Amino acid sequence: MDASAKFYELTPPEKKFKKWMNVWGIYIGIVLIGTLLIAALGLKSTAYLGNPIFFALTIGGLSGTFYAIQTLRDGVRENAYFADILIGTTLLAAVIMAAFLRVTDDTLTQMALVIGLLVGVGSAALTWIFAVPIYDYRIGRGFISCEPVPFKPESQAALTPAQKRLGQWAVLIAAVGAIASGLIIALQLGSSEASSRIGNPLFVAGSGMALVMVMASGLFVRWRPRWRLMMGDMLVTVLVMGTLTLFVATAFDWTGDYSKTALWLLLGFTVVTIVVRLAAEQSVYSGLYIPFWLFRELEAFAEVIIEGPLAAEKQRDSDGITEVVTPQAVAMNVDRYLSRVHSPRKLSAMISLLFVTFLRPLWGLHLSMSRMGYLERRQFIEYVFRRGRGIYRPMIQIKQLIVLGYYSDPRTYSQVGFEPFPKRPRYQNLIAADIPITPAVGPETTLNVVREREHHCKICVIGSGAGGAVAAARLAQAFPGEVTILEAGSYLRASQFTQSEPDMIAALYKDGGMQISMELNMPVLQGACVGGSTVHNNGICFDLPDKVVANWKLIGASLDSTKLKESAQRVRQRLNIKPIPEAVIGPGSFKFAEGANLLKQNGLDQGRIKGGPAWFELNFDGCVGCGYCNIGCRYGKKMSMLETFIPDAEAHGATVIANCKALRLDIQDGRAVGLRCTLDDQHDFYVHADYFVVACGTIASSLLLLNSGLKGPVGKGLSFNIGAAVSAEFPQPVRGYDGVQMCGYLEADGYMLETLFNPPALFAMAMPGWFMEHFYNMQRYAYLANGGVMVPSSAIGEVRTPLPVVGRYLPGFSYSLEKDASTYQALKDGIRLMAEVYLAAGAMRVMPSTYVDLEFRAGDDSAKIAQMIDEKIQRAEDLYVASAHPQGGNAINRDPDKGVINENMRSHTLQNVWVTDASVFPTSVQVNPQLSIMTVADYAAGMMLAEINS
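Written as structure tokens, this is what we have:
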């Protein structure tokens, strides 16, 4: 438990009260189940059931009591008024039983009534005894308000018409409950003959309890607006359970026809109550993308995850650190982000939210998140998470959505010490020097609107990223006007990049950045726009390593080294690749270089540093150092495919069709004769072509071939460059955001260390810690430097054939770090070296991105760091890892049983299909792969032209 835990503990009286609620809840649960079992097992005689209406109301009353007890268990502070209802309803039941004692002569009945009377009075008394100290203690501590969390929009100044209707309906319900309760008591105070006609006295007492519960909850709903949702839930619980019980009793002919009228009346009350209740809640949460009932859960989760000081501490606010964005606003930001993600897989985020907030609490006999008190919510989240990962991974996904919603809000920028680019001195200096910082908008030749449902071309290139754009440009030069490029994402120009993290993540990233492995253990970031990942990557350019090419040759993938180098040179020249200018290097990267050099000079690296530190070569031209590389360069300084090879292809007459998703190739006699697609996820679209180039990107290219019926090694041999982030806090502000995001690196055995710094939201998503620990870490944002360990994984991943119907909503690939021991160990080794680098540079503490509590402090030596890593990180799932470099799945190999394409880059199975993206790599290229992909794509286009021309 983190340092903030001491502020969030129940008081001793509250703990005692919860224990009593547990005991009482068990008792009520046993009585409820026992009552139903006795009726179901055949003791459904008139003597036992009496009037079925009373039996049904008793079940409703017991269910409502159980709900009220659960509400108190899950919110002992916020839900205190439920104790008053419990005491009142229990005492009324006792009064009814006492009245029956006056008129009954049956000894067995008298004994049952006495026991029930004692239990009822005792329960009410104990509840009052345990509750009184809580109120006194809370007032003494300043916790005066017993109100629940107000789940309603901040802007709501008055009740909505639907809420008013709920209040009016609740008054009617309360009146009916009061009248019915009075009649029951009056009957029992009358003659013994009248009393005996109404049936089993225990069920009559239970009915009184239910009716008072209906009356009380109705009054609360009418005159306590902030309690309408939860009291409405209790009212619905009583009515629904009573109606269901009466329905079963009538359906199985436990009673005569006289109960059917009561059933229809009760059913009518129940249906109207549910409809009015839901309409009232929906009116509060109108205009949302997320269902209103799920939005409230997201808001409740957000209140706990973004955790500053306590409310009492916030009033003093001596340190100026408190939440500046409300939970409701955070949830609205998340809702807005999800509404802009154009992917069926975003449904997984809502399923995760449903699991975390409803299903998992239900498994532990808890209410949903929004109905829990703040403390109980926090303790539940911590308990579930610290038990392990596995099925609890969805909780992490929801946490990341929430921190995205919080830290992407501009109101947090001054709090964490972030300056948007237009407010920085760097920007003002550019303006003063009259340096252009807006891109020129080039001619637009793409088909923005496709009216046809069929399209004909000579060559169809499927994908516009590093693999597709380079191949398309070379092919278009050879066949002007005969090349068509399809792209599943949108065609956005640099001038449309807003520098808003959630907006650009939704617009530029596949699945809105939520693509994740089937094991839910590794997010994989890829592009989903014209230009692909080159639009939002960091522009890092490494040549395809000779050792990798040599290794491929040994395993059956022999490529012409001379032609590869010629291709690399063509690409380098077009992209203007050169070392990063020192003027735009991020300040945190200088800390990294300083620490690495000190380790080497003093021999403290123990020979682990094999190369560097050095600065990257980038495909930037006139970079202004804004630091928004990963959400698109608004200033057009990144020589991505959007700025280079796509315009080159268009200049030679190529047509670009955006928002066009390829589904499958139609195959006849070993050739692809057409491509089935959808436009804007709405319209069917068919492409006729003589030749096809598959460059959808790793994972998607394999899925396309699998959907087209190809078998064998398709999808197998998936590998990644896997990254694990490491942050370091320095005594003085670093302002790592002010410059290029990735600047420097060093090479070690089996891995690389690279610098990286993100704007606040993306940074927060990888920041370790939960609750106040995470919140505090983000307050040090301006004092942090950040880097990452990058390890090439083994080729053990797999792209799998999607399931029918539901496959489009599920992750499409599998990879388990637990089964990749060498990669796991290299990640641990890299974290150790990165920690040593930052500590050598003067960091006060270093925080690797893990799911365990792990932090290194100034003075920790290499041996201690290694020991701490081994003690804390004991399994692969203790690490938070991600990848932006998936590779493989359609490997090159001369053997059709081992590879999908041959050494000429053509499919073994299809005579007119080539593959030109990273999916062709037999193994990871071990470096940032952008330039390697483009080199192989140019090489493949040359091989394709040679075959076509021959």
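Residues 213 to 1162 in this note's numbering are what the sequence shown lists, from first letter to last.
Think of the CB as a built atom: it goes at the ideal place given N, C-alpha and C, for glycine as much as any other residue.
A quick note: this is a predicted structure, and the numbers were derived from the prediction, not measured.
Name the one or two DSSP bridge partners that Gln-781 has. According to DSSP, which records beta bridges pairwise, Gln-781 is partnered with nothing at all.
Let me know the beta strand (DSSP E) ranges lying completely inside the region 681–725, each 3 residues or longer, listed in chain order. As summarised for the region 681–725, the continuous beta strand (DSSP E) elements at least 3 residues long and confined to that stretch are 695–698, given in chain order.
Can you name, in chain order, every residue of its own chain whose Cβ lies under 7 Å from the Cβ of Trp-340, other than the five neighbours on each side? Ile-299
Residue from Ala-1007, Ala-1094 and Leu-720 with nearest C-alpha to Lys-1031: Ranking Ala-1007, Ala-1094 and Leu-720 by Cα distance to Lys-1031 puts Ala-1007 first.
Counting contacts by CB-CB distance shorter than 8 Å, is Arg-1057 in contact with chain C? In summary, chain C is missing from the structure at hand, where a single protein chain is found.
With C-beta atoms as the reference, is Ile-281 less than 8 Å away from Gly-237? Yes, these two residues count as a Cβ contact at 8 Å.
Taking the alpha carbon of Asp-445 as the reference point, which residue from Ser-275, Ala-461 and Ala-343 has its own alpha carbon closest? Checked all of Ser-275, Ala-461 and Ala-343; the closest Cα to Asp-445 is Ser-275.
Under the three-state DSSP convention, the category Leu-378 falls into: helix
In terms of residue numbering, what span does the beta strand (DSSP E) encompassing Ala-251 cover? No beta strand (DSSP E) contains Ala-251, which is instead part of the alpha helix (DSSP H) from 224–252.
Through-space distance from Arg-285 to Lys-923, alpha-carbon basis: 55 Å
Under DSSP, the beta strand (DSSP E) around Pro-1060 begins and ends at which residues? 1057–1060
So is Leu-320 buried or exposed if we call it buried at 16+ other beta carbons inside 10 Å? exposed
For Ser-1119, three-class secondary structure by DSSP: strand
Touching or not, the region 930–940 and the region 1048–1060, by the rule of three or more beta carbon pairs under 8 Å? These segments touch.
Based on Cα-Cα distance, which residue from Asn-842, Arg-686, Gln-627 and Gln-818 lies nearest to Gly-725? Asn-842
If you reduce the DSSP assignment to three classes, tell me which class Lys-635 lands in. helix
CA-CA distance, Val-1137 and Glu-290? 56 Å
Evaluate the contact criterion for the region 615–635 versus the region 817–830: three or more CB pairs, one atom per stretch, below 8 Å. No: the two stretches stay apart, fewer than three of their Cβ pairs being nearer than 8 Å.
Could you check whether the region 485–497 touches the region 960–975, counting it as contact only if at least three pairs of C-beta atoms, one from each stretch, sit closer than 8 Å? no
Helix, strand or coil for Gln-1099, going by three-state DSSP, please let me know. Strand.
Kindly indicate which residue of Asp-1150, Leu-313, Phe-312 and Tyr-239 has the alpha-carbon position closest to the one of Lys-1231. There is simply no residue 1231 to check, as the chain begins at 213 and stops at 1162 in what is shown.
Around the C-beta of Pro-945, are 16 or more other C-beta atoms found within 10 angstroms, so that it is buried, or is it exposed? exposed
Is it buried or exposed for Asn-1161, if we count other Cβ within 10 angstroms and need 16 for buried? exposed
If you compare alpha carbons, which of Tyr-993, Phe-278 and Glu-966 is closest to Leu-579? Phe-278
Assuming Ser-1231 contacts Ser-1131 (C-beta within less than 8 Å), just tell me the rounded distance between them. Since the displayed the chain opens at 213 and closes at 1162, residue 1231 lies outside it and no answer follows.
Return the chain-ordered list of same chain residues with a C-beta closer than 6 Å to the C-beta of Val-695, the five sequence neighbours on each side being excluded. Correct list, in chain order: Ile-671, Ala-684, Leu-687, Ala-688 and Ala-866.
How far does the alpha helix (DSSP H) with Phe-932 in it extend, from its first residue to its last? Element bounds for Phe-932: not the alpha helix (DSSP H) but the beta strand (DSSP E), 928–941.
With a CB to CB cut of under 7 Å and the five nearest residues on each side skipped, what residues in its chain are close to Arg-992? Glu-941
Alpha-carbon spacing of Arg-314 relative to Ile-242, whole angstroms: Those two C-alpha atoms are separated by around 28 Å.
Have a look at Ala-324 and Lys-228 and give me their C-alpha separation to the nearest angstrom. 29 Å
Taking 8 Å as the cut-off, decide whether the C-beta atoms of Tyr-1027 and Phe-932 are in contact. Going by C-beta atoms, Tyr-1027 is nearer than 8 Å to Phe-932.
Considering only C-alpha positions, which residue in the set Gly-948, Gln-708 and Gly-272 is nearest to Leu-478? For the residues Gly-948, Gln-708 and Gly-272, the minimum Cα distance to Leu-478 belongs to Gly-272.
Cys-872 bridges to which residues according to DSSP? Leu-891
In three-state DSSP terms, what is Ser-1005? When secondary structure is reduced to three states using DSSP, Ser-1005 falls in the coil class, being assigned neither helix nor strand.
Classify Pro-1023: buried if its beta carbon has 16 or more other beta carbons within 10 angstroms, exposed otherwise. buried
Among Thr-890, Glu-731 and Ala-252, which residue has its Cα nearest to the Cα of Glu-666? Thr-890
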